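Take any residue in the sequence shown, note its place counting from 1, add 2, and you have its number in this note's numbering. Yeah, the Cβ is synthetic: ideal placement off N, Cα and C, and Gly gets one too. None of these values were measured; they are calculated from a predicted model. Okay, so here's the structure we're looking at.
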Amino acid sequence: MPAHREEFRVPGMAEPISHFTHVVRADRLVFVSGCVASDAQGRTVGGNDVVAQARQVHENLKKCLAAAGATFADVCKVTVFLKNVGDREKVNTVRQEYFGSSRPASTLVEISRFVRDDLLLEIECVAVIPK
């Protein structure tokens, strides 16, 4: 029997610019598309400040998780894409504020370019909603 699958377009998030949705929930699994530091109109928040951008990214992740009934405590895996791997510690400090004592599995990748040149990071995640 196939898993139940539901797509979410999240209020307060910019409209996807490509063929994807913000969140997909399949039974208890929640897949959050990569979140960047955008506001509801798609404008970059935080300028060249990686900490400010990281806060906006985590706020967007929070909205996406909530839309599917999940929280940061339910996140099992994150993938972080950074323009400058030297910013890892700054982003990690913000991440700890949002995740608290929860520690997801994690992958960090430095990339040369994002869809917009003013973006400094993008984070995607997978969560499991409790029974």
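CB of residue i within 9 Å of CB of residue j, strictly
i: Leu-123; j: Val-82; result: yes
i: Val-117; j: Ala-72; result: no
i: Ala-16; j: Asp-41; result: yes
i: Leu-67; j: Val-25; result: yes
i: Val-130; j: Arg-30; result: yes
When the options are compared against residue i, the one with the closest alpha-carbon
i: Cys-37; options: Asn-50, Asp-51, Gln-55; result: Gln-55
i: Glu-99; options: His-60, Val-77, Ala-129; result: His-60
i: Pro-132; options: Asn-62, Leu-121, Cys-78, Ser-35; result: Cys-78
i: Gly-102; options: Asn-86, Phe-22, Asp-76, Asn-62; result: Asp-76
i: Gln-43; options: Asn-62, Arg-30, Asp-29; result: Asn-62
i: Asn-86; options: Ser-104, Pro-106, Asp-119; result: Asp-119
C-alpha gap between residue i and residue j, whole angstroms
i: Arg-45; j: Pro-13; result: 15 Å
i: Arg-90; j: Thr-109; result: 11 Å
i: Val-27; j: Ser-114; result: One point to set straight first is that residue 27 is Arg, not Val, in the sequence displayed. If I take the Cα positions, the gap works out to 30 Å.
i: His-6; j: Phe-74; result: 22 Å
i: Ser-20; j: Ser-35; result: 12 Å
i: Asp-51; j: Glu-9; result: 32 Å
i: Gly-48; j: Gly-88; result: 18 Å
i: Val-53; j: Arg-11; result: 26 Å
i: Leu-121; j: Thr-95; result: 19 Å
i: Pro-106; j: Phe-22; result: 24 Å
i: Leu-84; j: Val-93; result: 9 Å
Residue i Cβ short of 8 Å to the ligand GDP heavy atom set
i: Arg-115; result: The model on display carries no ligand, and the ligand GDP is accordingly not part of it.
Cβ-based burial, residue i [other Cβ within 10 Å; buried from 16]
i: Arg-97; result: buried
i: Lys-65; result: buried
i: Gln-58; result: buried
i: Ala-39; result: buried
Bridge-paired residues (DSSP) for residue i
i: Val-25; result: Phe-10, Val-34
i: Thr-81; result: Thr-109, Glu-126
i: Ser-40; result: Thr-46
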